[in-house]
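Visitor:
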Amino acid sequence: MISFACRTIDFEELFLCSFGLKKTDYKILNLLIESGSRLSVNSIARKLGKERTVVQKSIKNLLEKNLIKRFQENMQRGGYRFYYEAEDKAEIKRRLLEIIGRWASSVEDVVKKW
């Protein structure tokens, strides 16, 4: 928890706001980080108790924000399957701190102009 004047912000809220994510996106990212392995959409949906389509929508958002990576596995009988894993946690932390730093700088500018 982070206290800021009259409001307390928990880490999840800070992360969601910083990257423009929804709660399901965050849950999927955390699952991928904690699992430390590549997971399929079906596996993610099963582990989180979510519909496959909901997971696919979140996966798309996480890919667009470069928070996860996609890998393709070609099947022996044709076709393919996608698996997903989280980007490096240290890199995600670095990006988060950069976003927070830019925000803090913009707040400082507003205060100075006041």
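Numbered according to our numbering, the sequence shown spans residues 38 to 151. Ideal Cβ positions, reconstructed from N, Cα and C, are used throughout, including at glycine. Predicted model, so just to flag it, every value in this text is computed and none were measured.
1. Since Gln109 is in the beta strand (DSSP E), which residue starts that stretch and which ends it?
2. Considering only the alpha carbon of each residue, which of Glu49, Arg139, Asp125 lies closest to Phe73?
3. Excluding sequence positions up to five away, which residues of its chain have a Cβ less than 8 Å from the Cβ of Arg75?
4. Apart from the five residues just before and just after Lys64, which ones in its own chain have a Cβ nearer than 7 Å to its Cβ?
5. Tell me Ile137's beta-bridge partners as DSSP assigns them.
6. For Arg132, which of helix, strand or coil comes out of DSSP?
7. Give the DSSP-derived three-state secondary structure of Arg44 in the structure shown.
8. Could you please give the first and the last residue of the uninterrupted beta strand (DSSP E) stretch that includes Arg89?
9. When burial is assigned at 16 or more other CB atoms within 10 Å of the CB, is Ser143 buried or exposed?
10. For Asp146, does the count of other Cβ atoms within 10 angstroms reach 16, so buried, or fall short, so exposed?
11. Which two residues bound the contiguous beta strand (DSSP E) that contains Glu122?
12. Buried or exposed: which applies to Asn111, given that a residue is buried once 16 or more other Cβ atoms fall within 10 Å of its Cβ?
Guide: Concretely, from the data shown:
1. 105-111
2. Correcting the residue identity first, residue 73 is Gly in this sequence and not Phe. Comparing Cα positions, the closest option is Asp125.
3. Phe108, Tyr120, Tyr121, Glu122
4. Leu85
5. Ile137 pairs with nothing; no bridge assigned.
6. helix
7. strand
8. Per DSSP, Arg89 belongs to no beta strand (DSSP E); it is in the alpha helix (DSSP H), 89-101.
9. exposed
10. exposed
11. 117-123
12. exposed
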